[in-house]
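Working notes for the structure below.
Protein chains: 4
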Amino acid sequence: MSTQFQGVIPPVVTPRHADGSIDTDSLKNLTRHLIDGGVSGLFVLGSSGEVPYLSNAERELVVSTIAAENAAAGAASVPLIVGANEQTTNRVIEEARKVIDLGADAIVVTSMYYAIGNAEETETHFRTIHDAVSTPIFAYDVPVRTHFKLPTDLLVRLGRDGVIAGVKDSSGDDVGFRQLLLAARDIPNFDIFTGHEVVVDGALLGGAQGVVPGLGNVDPRGYRNLMDAAAAGDWAKAAAEQDRLADLFEIVYTPNGRVSGGAAGLGAFKTALQLMGIIESNTMSTPMPSLNEDETTAIKVILERNGLV
Amino acid sequence: MSTQFQGVIPPVVTPRHADGSIDTDSLKNLTRHLIDGGVSGLFVLGSSGEVPYLSNAERELVVSTIAAENAAAGAASVPLIVGANEQTTNRVIEEARKVIDLGADAIVVTSMYYAIGNAEETETHFRTIHDAVSTPIFAYDVPVRTHFKLPTDLLVRLGRDGVIAGVKDSSGDDVGFRQLLLAARDIPNFDIFTGHEVVVDGALLGGAQGVVPGLGNVDPRGYRNLMDAAAAGDWAKAAAEQDRLADLFEIVYTPNGRVSGGAAGLGAFKTALQLMGIIESNTMSTPMPSLNEDETTAIKVILERNGLV
Amino acid sequence: MSTQFQGVIPPVVTPRHADGSIDTDSLKNLTRHLIDGGVSGLFVLGSSGEVPYLSNAERELVVSTIAAENAAAGAASVPLIVGANEQTTNRVIEEARKVIDLGADAIVVTSMYYAIGNAEETETHFRTIHDAVSTPIFAYDVPVRTHFKLPTDLLVRLGRDGVIAGVKDSSGDDVGFRQLLLAARDIPNFDIFTGHEVVVDGALLGGAQGVVPGLGNVDPRGYRNLMDAAAAGDWAKAAAEQDRLADLFEIVYTPNGRVSGGAAGLGAFKTALQLMGIIESNTMSTPMPSLNEDETTAIKVILERNGLV
Amino acid sequence: MSTQFQGVIPPVVTPRHADGSIDTDSLKNLTRHLIDGGVSGLFVLGSSGEVPYLSNAERELVVSTIAAENAAAGAASVPLIVGANEQTTNRVIEEARKVIDLGADAIVVTSMYYAIGNAEETETHFRTIHDAVSTPIFAYDVPVRTHFKLPTDLLVRLGRDGVIAGVKDSSGDDVGFRQLLLAARDIPNFDIFTGHEVVVDGALLGGAQGVVPGLGNVDPRGYRNLMDAAAAGDWAKAAAEQDRLADLFEIVYTPNGRVSGGAAGLGAFKTALQLMGIIESNTMSTPMPSLNEDETTAIKVILERNGLV
């Protein structure tokens, strides 16, 4: 099938100076690092971008900084898929209009959170947003955050009706993911991405169009190589690259419970990027602690054995 | 112990016109109905106020409308405890400053949501907010929405350190609630409220200072009577009034699964207030459906047997 | 309403020798301690009795030992309510027949576990068991173990139809508990017990007939005093006794995460009984660790301030 | 690495006559159907075998019937991996000894259930069982039933120490599954099976040794073909066969909520086997309802388009 969006589309992390302010120079470096690494798009204001922690002014600064650096890449520039992250329908619409004005080529929308909805309200939610905005919408299925799993039949119906242009799946439900791939196979320009870093080969074997790996901040080229191998039908090579990336993913376990799950993963990506000289500091958004020296040392070992420092 | 805030503090619902716009006349009527009903405070921008669904402009309109009507009550006016409802620390602080400017006497803050935190980050969250704002802070324990139960020892520590002035408990954990009451008994000016409509007598018997019942929109006088009976040591009367209010609470079950849990409870409160002539319409915030004619008829029967219409 | 079963009905713990074998002498001592403490019945083979960990032979030994000691109490003997703890319907029936043969006056049955059922299957489950056995059946609502909350309307329907004689509630859902009390108020000989140690006063104020407190092993007289105060309408005294028992309940928190939740609570009850000289050892069932010396010392302090050693 | 157990090892369903008794003739037919279908082993007394619902006598009858039929296959006979399904350690050991006496070549053991344990107790649980029995042990990770996810580091440690010979994964956690495959790659004779019917190609690409698909009762040859394609490195063919099997798996959704999740899946397998003439009746264990005529018709359509009737 034809696709609008595909390939490696990493969720861009948000660098901060040690004083906590957004580090736009590092963000530009990172944007170039990703484009140079062969990505096909950038997922901006995602969970890996610490979107829940950004103030409205910071969200605007992040999108405009990435958009400017991406535009500066000229022919190499890639589509921007931007999160419109808010609790409920009308708040999402307000947020969506802001990020579209800043240059989003598509937006990413979750089901409601904090609010307690159901499937019917979720359907109304997506249809109402679609009626109000002009860009393609990706449904973001992330029940670990929203505590609501987007039902496969709802996603397929919204896809067939042109309400959504695709799905970013971080549901952790590989069975449902495969069933979605099969059920949506004949919908034109409907693109399904996995957000899970270590099962990309299997997702591609099942027919996924793209991947949104947080770890892709650290090693965009690795994910590009994996995807190229899969596209060429060299599945043994794809699996070998996936296994290597799964080893690299061990950086997220270095805090071993010292910090929250959120702070561990994002902190590891930031710390790796700092060690690689791409961003200045591994400072996290309040109230998350940054990774410490021991954790940084452990991450360096993993980067070294993967040839990244 | 001395208390700053106590008694019946209902979470004020947000009336809308049939076209979906905020109905400020109905909101003023409702505010007077509550003050006349003997409440000791108003909880503004709570879950029952549909705060997750209100745009920023609507939130401002709701607080300013209630504040004006409350001020107009002169000597009868009551404290305003206002929700500062946002995902993470810095976003809460921005929201808190807005509602304090609009007249909040205290603010209500949950743990983070959508963001995935832990106890340490939650402690930093509350301490950082306390450092940034000037009003008392109530911790709002509502794991059905935040998916994080505030630990009793954390609440007690924050209370002893003056970070929080109390707790609004909607945890559904009556064992933890009793243990919190005991553990916090000697903290001066630390006030603990239950948000559960049908177990208020037991909560008061255990030592709670106040109650934040959504059903209190419909029958503030009933909760006031319950509380007065408890204060007078007439527990048989308190329990009898509680049993009557538990029967009245059956209005929230009339949709019987037709709508989401959120829409059922709030829809029932709005429908009852409409039937009582206090608000104009039972229209819900998008994407929640409003209760229908059958449900309205069923609610009328329950109101009639409780002498409210 | 008339009741068949009421009052304090503690779930009897199962003492073991240090070598892990069942300690029948200690079990006899404990049985006498409970009867002398003023209990109205004994709940045998409950979760507090470590029933999941007992082999079939051990289950038989425990029931027959308690039954013999209870019979020896003559006029002071009390009804035995015995758990028929198995995964599914037909396995429960086999188990029920065994414990009825050993002297059970009533049996206690949960919804299915490990098996994944729903409300309809659960209704068939209880009706099929009722058709197969001759004693009254208590439904045991313990979703923390079964991961299925027994719906209030199902319990009421089973009660009205004479399928169950009552409910032992360990659901942690105090709102549902109050609604059950109200909805079942007019069913003759339908008895509702709370299993939560620290909210007994509120449960009795709401109309509960009995209490099944694990902590009642340690202080049966305290619960009897609480219940007598409630029966006399002296709610201030009931609440004061409840607060004292809530302080005593702190013994279960002494391991502070060192052992599993299951091992902490039961281990604390056993350790307290050992310190009080009622049982010989605080040895737990495999694979649960027993509480250690530090924890024992901390428990002793709590027992001392409550006048139990 | 060398393996002890590998390939397609379907969890054998348990046929019943319309009167509810075990149908040993159908069970023999089914056993031959599976062996003729090219399976590498039989998983007996699994969840798909309705083990939670079988009485002890029925469990014995099922194992001995399958063992006899398997023995009769002579050179074609396959290893029997048998569930020792009980709540806690000592009860598992008793159960394990029974099934080993009946011919089990390996046993399958879950973490405790109904009992509330933790990782330490779970480690003791497996080590104690290993010390007591003579056959290889597979850890069965099925948190949807046990409500405890077996930690990857625990499984690896138990594997390295020779306590377990492998893992049957029904965790639904594909990320954890891949990490287990990587972490256990160098443990000799340690075999990892997926229990998820529709992601077998990805699991094999990641290095899994085997598959335990409930759907394999219906189409053992399909899974054998998938596995042979994967072994030959023909991943496009493996994925195509997986997609076909995912379509066949749609039979489990025909009840569409009419019955519980447990009854829907197993009922669909039984109904398909009945339509294929392999078993006599689709009768389910009490209290599960059997699939009805409409559902049977819908299943027939799916079987027909997959060439199975």
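Protein chains in written order, with the working numbering: chain A, 1 to 309; chain B, 1001 to 1309; chain C, 2001 to 2309; chain D, 3001 to 3309.
In this text, a Cβ means the ideal position worked out from N, Cα and C, and glycines have one as well.
- For A3104/D, the secondary structure class from DSSP, reduced to helix, strand or coil, is coil.
- I2093/C carries a helical assignment under DSSP once its states are collapsed to helix, strand and coil.
- Rounded to the nearest angstrom, the Cβ distance from F3269/D to V3198/D is 14 Å, too far for a contact under 8 Å.
- Assigned with DSSP and collapsed to three states, D2141/C falls in strand.
- Put simply, the backbone Cα of I1009/B is about 35 Å away from that of V2252/C.
- When rounded, the separation of the alpha-carbon atoms in E2241/C and A2232/C is 14 Å.
- Scanning the stretch 133-195 of chain A from its first residue to its last, the whole beta strand (DSSP E) runs of 3-plus residues come out as 137-141, 166-169, 191-194.
- For the 8 Å CB-CB criterion, A96/A and I66/A do not form a contact.
- When DSSP states are grouped into helix, strand and coil, F2043/C belongs to the strand group.
- A distance below 6 Å between beta-carbons, with the five flanking residues on each side excluded, links A184/A to the following residues of its chain, in chain order: V156, G159, F190.
- Between H125/A and chain B, the shortest Cβ-Cβ separation is below 8 Å.
- The beta-carbon distance between I2137/C and V2167/C, rounded to whole angstroms, is 10 Å. This is too long to meet the 8 Å contact definition.
- Shortest Cα-Cα distance from G2074/C to any of A2106/C, I2035/C, D2201/C, G2162/C involves I2035/C.
- Taking a contact to require three or more Cβ pairs closer than 8 Å, the stretch 2022-2034 of chain C and the stretch 2273-2284 of chain C qualify as touching.
- Rounded to the nearest angstrom, the gap between the Cα atoms of I2192/C and T1194/B is 24 Å.
- Inclusion of A1246/B and Q2179/C in the CB contact set at 8 Å is warranted, their separation being smaller than that value.
- G2262/C carries a helical assignment under DSSP once its states are collapsed to helix, strand and coil.
- In terms of Cβ geometry, T2088/C and M2112/C form a close pair [threshold 8 Å].
- Among the CB atoms of chain B, none fall inside 8 Å of the CB of H2147/C.
- Here the stretch 2114-2122 of chain C makes no contact with the stretch 2044-2052 of chain C; the two share fewer than three CB pairs at distances below 8 Å.
- The beta carbon of F148/A sits closer than 6 Å to those of S111, all from its chain and outside the five residues before and after it, given in chain order.
- In terms of CA proximity to P3015/D, L3273/D leads the group K3300/D, P3287/D, L3273/D, P3289/D.
- Residues of chain C with a Cβ closer than 7 Å to the Cβ of V1199/B are, in chain order, D2174, V2175, R2178, G2202.
- E1086/B sits buried, since 16 or more C-beta atoms from the chains shown fall within 10 Å of its C-beta.
- Rounded to whole angstroms, the separation of the alpha carbons of V3163/D and T3124/D is 11 Å.
- Fully contained in the stretch 1202-1247 of chain B are the following alpha helix (DSSP H) runs of length 4 or more, in chain order: 1220-1231.
- In the three-state scheme derived from DSSP, where H, G and I count as helix and E and B as strand, G1083/B is classed as strand.
- Residue pairing from DSSP leaves R3059/D without any beta-bridge partner.
- Boundaries of the alpha helix (DSSP H) harbouring E304/A: 293-305, taken from the DSSP string.
- Around D1191/B, no beta-carbon contact reaches into chain C at under 7 Å, the shortest distance being about 18 Å.
- Contact annotation for R1091/B against chain A: S55 [CB-CB distance below 7 Å, chain order].
- Not one beta carbon of chain B lies nearer than 8 Å to the beta carbon of Y253/A.
- Think of a sphere of 9 Å around the beta carbon of L150/A: no beta carbon from chain D falls inside it, the nearest being about 16 Å out.
- Within the same chain, and ignoring the five residues on either side of V1259/B in sequence, the residues whose Cβ sits closer than 8 Å to its Cβ are G1267, M1288, P1289, L1291.
- Looking at the backbone, the Cα of E69/A and that of G41/A are separated by about 13 Å.
- For N1029/B, the enclosing alpha helix (DSSP H) starts and ends at 1024-1036.
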